[in-house]
Structure formats: C-alpha cells, structure tokens
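Chains as they are written, first to last, in my numbering: chain A, 4 to 321; chain B, -1 to 397.
Just so it is clear, CB atoms sit at the ideal spot from N, CA and C, and this is done for glycine as well.
The structure displayed is predicted, hence computed values, not measured ones.
Take a look at the structure below.
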Amino acid sequence: MASHRKEGRVEGAQALLLVQQVLNGVQLGLMLFLLSAGLTLVFGMMDFLNLAHGTFFMGGAFLGAWINATTGNVWLAIAGATAVMLVLGALLEVGLLRGAYSHGHLDQILITFGLIYIGNDTARMIWGSDGLAMLLPPSLNASVSVLGLHYSLFKLVFIGATVLIAGALAFVLARTRIGMWIRAGAADRETAIALGVDVKQLFTLVFACGAALAGFAGALSAPLLSASLGMGETILVPCLVVIVLGGVGSVAGAFLASLVVGLVDVLGRTYATALTALVVGPTHAATLGPSLSAMLIYLLMAAVLVLRPGGLMGRVQP
Amino acid sequence: MKAMIAAWLATASLITASLATTDLAAAAPAKEIRIGMITTFTTAVGSVGKAARQGVDLALKRLGDKMDGIPVKVFYADDGGKPALAKSKTDELILQDHVDFIIGYNFSNMLLAAYNSAMGAKVFTFSLNAGPKNIAGEDCSPYFFAIGHQNDMEARGIGEVLNRRNIHSLYLVAPNYAAGVEMVNGVKSTFKGKVLGQSLTKWPDQLEFSAEISQIQATNPEAVFIFLTTRYAVQFMNQFNQAGLKDRIPVYSVATFDQFNLNVVGPMSIGSYATNYWVQDLDAPANKTFVAAYKKTYGGDVAGNAVAGYDAVNLIDSAVRAVKGDISDKAAVHAALKKADFASVRGRFSFSANQFPVEDIYLQQVARDDKGEIVLKTVGKAVEQIQSDAPTACHMPAL
Chain A
4 MASHRKEGRV
14 EGAQALLLVQ
24 QVLNGVQLGL
34 MLFLLSAGLT
44 LVFGMMDFLN
54 LAHGTFFMGG
64 AFLGAWINAT
74 TGNVWLAIAG
84 ATAVMLVLGA
94 LLEVGLLRGA
104 YSHGHLDQIL
114 ITFGLIYIGN
124 DTARMIWGSD
134 GLAMLLPPSL
144 NASVSVLGLH
154 YSLFKLVFIG
164 ATVLIAGALA
174 FVLARTRIGM
184 WIRAGAADRE
194 TAIALGVDVK
204 QLFTLVFACG
214 AALAGFAGAL
224 SAPLLSASLG
234 MGETILVPCL
244 VVIVLGGVGS
254 VAGAFLASLV
264 VGLVDVLGRT
274 YATALTALVV
284 GPTHAATLGP
294 SLSAMLIYLL
304 MAAVLVLRPG
314 GLMGRVQP
Chain B
-1 MKAMIAAWLA
9 TASLITASLA
19 TTDLAAAAPA
29 KEIRIGMITT
39 FTTAVGSVGK
49 AARQGVDLAL
59 KRLGDKMDGI
69 PVKVFYADDG
79 GKPALAKSKT
89 DELILQDHVD
99 FIIGYNFSNM
109 LLAAYNSAMG
119 AKVFTFSLNA
129 GPKNIAGEDC
139 SPYFFAIGHQ
149 NDMEARGIGE
159 VLNRRNIHSL
169 YLVAPNYAAG
179 VEMVNGVKST
189 FKGKVLGQSL
199 TKWPDQLEFS
209 AEISQIQATN
219 PEAVFIFLTT
229 RYAVQFMNQF
239 NQAGLKDRIP
249 VYSVATFDQF
259 NLNVVGPMSI
269 GSYATNYWVQ
279 DLDAPANKTF
289 VAAYKKTYGG
299 DVAGNAVAGY
309 DAVNLIDSAV
319 RAVKGDISDK
329 AAVHAALKKA
339 DFASVRGRFS
349 FSANQFPVED
359 IYLQQVARDD
369 KGEIVLKTVG
379 KAVEQIQSDA
389 PTACHMPAL
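Dropping the structure here:
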C-alpha cells in the first residue's frame, strides 16, 4: 500500500515535470517566434538574408537591461528597447541595406555579417565584455503555484505578452490592408509590384517592425538570459531552422515551427539522456544523450525538408 | 594539388625543424630566450587571455625581461577560441618563431588540439589552466607541465566539502565538453552522497536553462553543483532565483565566479560557494608581493587567470638559472623544472610524477564586504595538498 502511494507520488512528480517542461518549451518557442516572424517576412519579401537580425535581439537585451538598471522600471525598459530597435531598423534599412537588395546573397551576407561585428563591438564599448544582467523587481521575481506546480511568474508574463503580440500580428496580417500587401509581397513580389503595391515603403516598415520585434524579444528575454555579447548569433541559428522548417515567408509557418523547435529542444534536453540509456546503457548515455539532444532540431529540420521541401507551411518552389 | 601542398609543407617544416635544432646545439648559453604565449585573447571570453598575459608580463617585468641575464622575447598568439587555430598557431610558434618554451591554453579543447604539435617538437609547454585527465594519465609527456591544476582538482574539493557539511544529495550542471565532463566526474569521485541527476548542457551555445532548472526543481537536491562561463552563469543563477530555488538549495561551483564577473553575476549569487587553487587574500610572502605589484601595475583586484601566467614565468626562470642559461641541454632543463624551485604565489607548491601541481584548494563564498561590495570571501581550505588522480597511471617516457 505504502509503496503504491509512493509510486503514485513519483508519477505525479513526473507529470508535473512534464507540464513544466512543456511550458518551458512553449516559452522558448515563443521567443524564437518573435525573432523569426520578422526574419521570415524580410527573407520572403525581399529575398534578403539578414544575418544581423540576432544583433537586434542582443541590442534589445542590452538596452532593456541598461534602462532597467538606470530607471528600475521593467516595462519602460522593454518599451524603450523596442522603440530604439524600431528606429534603428528603419534607419539601417533606408540608409544601408536598401542598396544591397539588387546584389546577390553573398554581398548581403557580407554586409549583414559585418553588422554583427559592429553590433558586438559597439555593445562591448558601451557595456563591457562581461554583459549585463537584468534584475526583476520582487513583484515579478516570484514563482506561482497551481496544483503543486511551481512556475516562474515572469515566464508566464513572457508567454502571455508574446501570445498577445502573435495575436496582434496575425490580426494585422490577416485582416488589414497593409497585412494583405505584406502577405502578397512575401508570396509573390513581382506580381505584388505589378498590382501597384509600393513594396519599397512596405519593406522599410516590415524591416523596422522585424527589428522592433527582435528588440522586444531581447528585452523581454534579458531577465531570463541576461544580455551578453554574441547572444545574437547563438539565437540566430535556431531561428534559421524555424524559418526553413516553417516555410520561408510564412508567419503562420514560423509560429508553428517555433513551437515545435522550442518543445523538441526542451523535451530533448530533459529526456534524451534517459531515452538513450534504454538503448546504449547509462554510462554511454551520460554524454551521448546531451550530444544527441543538441542535434535534435537539426535532425528534425532535415527530416521535414526531405518530406516537405518547402517547409511545413511554405509553398513548394516550382 | 592538395597532396603537393602537403608534401611541400612537410618538407618545409622538416627543413625549419632541422635548422632549429642546429641552432640550439650551436650556442651555450642561449643569446635569447623565446617564449610563445598562446591562449584566447579575443571573443567573449577574451578577458581570460588578457589576465593571463598580465601575469606573464608582470613576472617578466619584475625579472627585468631577462632570465639569468639573457634577454627574453615573448611571441603572443591568439587561438580565437577555436581548436584548429590553437593547433596551427602553436605550429607557427614552433616552426616560425622557434620558441623555446610555450605558455598558455585556457581551454582543454585548445590544449588537446595543440598537444601533439608541441610534444612532437619537444618544446617545454606550460598549460596555465587546461589540465585534462588524459594528459595527466596515459598521454603524459616530460615536456608538459600543468601550472594551474588538473581540471577536476577544484571539483574534487567540492565533493570533500559537501561530505564534511553532511550534504547527502546533489544535482550537477556543466557544459558537454572535455572539461565539463571532467568536472562533473571529479565531484562525483569524492562526493559520498547520492547524485540525483546531472545536465550536460550544449557547448558553447546553450540557449537557456529552463529545462535544467525544472529538473532540479523536480529532483529537489540538497545542493547544486555548477561549472559555467560568466554568460551562462548569469542566465542560470537568474532562472534559479526566479524559480524560487536560491534560498532553499545552496550552489557550489568551480571556475564560475571571479572578481570580475561578480558585478554582473554577483547580485543574484550571494551565498553561493566556489573552490579555487588561489585566493587573493592568501597568506604567503610571494602572494603578497604579487598582489601588491599587480595592483600597482594594473590597478584593481587580481584576475585569477594572471596567477598561473606569473608562476609559469618564474618557474621557467628558476630552470634557466639552474642550467646557467644553457637551455639547449633539455635533460638538465627538465630536471630543474621538475624541482619547481620557485616561490609560487600559491605558497606550498610542487609537481607530482606526472608534472601536475600538488597544491591546496580553498573554499570561497560570494558575499558582501564591509563596504557593501560583492566579493569572493575565503571561508577556509577545501582540501590540502591535493594531487592528480589520473585513472590510467602515467608512464612518463624518458626525455
């Protein structure tokens, strides 16, 4: 009887862990979505590969952490970082990147790769090479308990805020005229231009909003991740996976793929070692499991590309 | 084409190598002592290289840039945090700059990549921080000296501390690369309690730590062990706090907190523990001289990575003086190096048979000092005169 109860408790704890990890996965996925949404539209509309998108993320994180440390107001920090990245994105697009659209991918990669270095070194000059931590006020730095599940309040705020943004984005894209133009531009640029859509202006808007979303994601993530040099490159790689997985140019695809990547990554980190142990035994699994979990999202991407070359929700290129 | 280049390179290196040996055999004592210093000077972890160089430069300055009256020239090389670069830059130091000694290597994967090049060329090499187990064991070489530690010495010290403090269960977090695995195994080798779980995180680009924190929450250990670089330590401790774990579960760490990242990672880590082979307030005459000279030259607290650089130069100096500047006699140089006849800033210091340090490990705690600043406060010794414990005994080959 006693052992039965104990087993029940272990199963209960395992179930709670699973719920928690699913929440963690959703949270990570939503963070990836904030970045991928802008990136996929930029890539889809202008065929422009922006490697410096992660730099906006880093910029948002540093600005957020810095404004928070100076003013002590988290919301002002997040809003301020987003606004600065919006302006910076617009300026960059008009001042520098616009000229690069007609060039090939190689030139675009060189330019945006250079921007990564400029971004990192600018951040190093201003904030030093150790990065900045963003400390939450006690009211947010708490955990909430529901049915025995303890979960960070701020992560719930993160999930809520991001879902709101995703909803707003979906509304704009699906229900407004501008959204229709953007979708048209992303789906088939030439036809959209032929039908009188001012893609040039539209693109400045999309690029700036993409930068703002990345900055927002950075500032919102800073309390979890802290701001550090090179964080933009670390996050860019899974974002590219998300875009390819979801289908280039498809925001809905990016949303779906973000959640898949987030969940696969977090659940992989939690259970890969235990699952590998079933096959190769615990000794080898201790190092093999983590290596395998680090590869999971790429394996997933490869599998999807074999089955659906256009991505989950993208058009199959003729 | 590739084969041709390879053949050409091989010939070129043979020629340079033979030139180098004739060079050495000719002169006694040497006209110049050439030291190659290679470590990570750039990237986000570039501060470790900067600190190591401060130690090397400070020691040389105090020697008047001379050893036994012979001028010393240092060649600096940056491995850029890439093992392939660590190897090619090491080759460059040996073949192009003809260095007599190599100092450097912060990360084990850089050292491992460059190890065969340096050992093959029979250049005495002093690793400042990297001290992987296989080099302490089956791959040991008379030309290799570890100055800092064997990677897991501080970790083994943590296990001893946990035992003394009656902590019975533990969860471990470290990155999934050579040193990370060694740290985790090091703690486990001395810890007598139960290991409830471990997370080997993606290296070097783990995104975040939510999955790991949730597992800690679920297993509810009496203590957590971490080995993380600054960027990840900030993330981990932040999320650890937000999950409400910090006041319930003490954190023990190695190579995670130092004087310089405490302004970033300190506020969320107060009360956490760390073990170190050197502490700034260590009561040894050589340490007092070192700390005073360092503060005077560079201003501010000593960067921990400077210690091994400083000691390495003084060790080489002791050997050069012992052989009266005739560094072409490698057997004599080797015998002198093994004696470790210099005043280490760590106090009691010697080499075990595999030429790894025998030294004390100290326990420190992140705390606020009288002025309200966050510092690493020395609590006491974690373990005295710890030795390398390589699993396969090192059969040190003759020189």
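Check                                                                                                             : Outcome
Where the alpha helix (DSSP H) through B:ASP76 begins and ends                                                    : That residue, B:ASP76, is in no alpha helix (DSSP H); its beta strand (DSSP E) goes 68 to 76.
Residues bridged to B:LEU170 [DSSP beta-bridge criterion]                                                         : B:GLN196 and B:PHE223
Where B:LEU313 sits in the DSSP three-state scheme                                                                : helix
C-alpha gap between B:SER45 and B:ARG246, whole angstroms                                                         : 33 Å
Three-state secondary structure (DSSP) of B:ASP486                                                                : Residue 486 of chain B lies beyond the stretch modelled for chain B, which goes from -1 to 397, so this question has no answer here.
Close beta carbons around A:LEU21, own chain, < 8 Å, minus the five adjacent residues each side                   : none
Between the CA atoms of A:SER39 and A:PHE59 - distance to the nearest angstrom                                    : 12 Å
Beta-carbon neighbours of B:PRO265, restricted to chain A and to distances below 9 Å                              : ALA136 and LEU138
Rounded separation between B:TYR271 and A:LEU31 - CA only                                                         : 30 Å
Contact with chain B by A:LEU20, beta-carbon distance below 7 Å                                                   : yes
Boundaries (first-last residue) of the alpha helix (DSSP H) holding B:SER86                                       : 81 to 93
B:GLN237: contacting residues in chain A (beta-carbon distance under 8 Å)                                         : SER155 and LEU227
A:HIS106 burial status per 10 Å Cβ neighbour count (16 or more: buried)                                           : exposed
Under 8 Å by beta carbon: chain B residues contacting A:LEU31                                                     : LEU205, GLU206 and SER208
Cutoff 7 Å: B:GLN240 Cβ touching any chain A Cβ                                                                   : yes
Distance CB(B:ALA57)-CB(B:ASN312) smaller than 7 Å                                                                : yes
Contact list for the segment 147 to 171 of chain A against chain B, Cβ threshold 7 Å                              : HIS153, SER155 and PHE157
Chain B contact residues for A:THR290, given Cβ-Cβ distances below 9 Å                                            : ASN174, VAL179 and LEU198
Reference A:GLY102, options A:TRP130, A:MET49 and A:VAL149, closest by Cα                                         : A:MET49
Chain-ordered neighbours of A:GLN24 on chain B, where CB pairs are closer than 7 Å                                : ALA209 and SER212
Proximity of B:ASN104 and B:THR37 at Cβ, strictly below 7 Å                                                       : yes
B:THR217 beta carbon less than 7 Å from that of B:LYS231                                                          : Sequence inspection shows Ala at residue 231 of chain B; the Lys mentioned does not correspond to that position. Going by C-beta atoms, B:ALA231 is not nearer than 7 Å to B:THR217.
Residues from the segment 274 to 298 of chain A in contact with chain B, defined by Cβ distance under 9 Å         : THR276, ALA289, THR290, GLY292, PRO293, SER294, SER296 and ALA297
Euclidean distance between Cα positions of A:GLY265 and B:LEU83                                                   : 33 Å
Straight-line gap, B:GLY297 to A:ALA305 (C-alpha atoms, nearest Å)                                                : 53 Å
Cβ-Cβ distance between B:GLY146 and B:ASN127 below 7 Å                                                            : yes
B:ILE359 and B:ARG366 closer than 7 Å at C-beta                                                                   : no
A:SER146: first and last residue of the uninterrupted beta strand (DSSP E) it sits in                             : 146 to 149
Pairwise C-alpha distance: A:HIS287 and B:VAL182                                                                  : 15 Å
B:ALA388 at chain A interface by Cβ criterion, 7 Å                                                                : no
For B:GLU206: DSSP bridge partner residues                                                                        : Its beta-bridge partners do not exist; DSSP assigns none.
Coarse secondary structure for B:TYR141, derived from DSSP in three states                                        : coil
Test: B:GLN233 CB closer than 7 Å to a CB of chain A                                                              : yes
Other residues of its chain near A:THR115: CB distance less than 6 Å, five sequence neighbours each side excluded : ASN53, LEU54 and ALA55
Start and end residues, beta strand (DSSP E) containing A:LEU152                                                  : 152 to 155
Chain A contact for B:VAL262 (CB, 7 Å cutoff)                                                                     : yes
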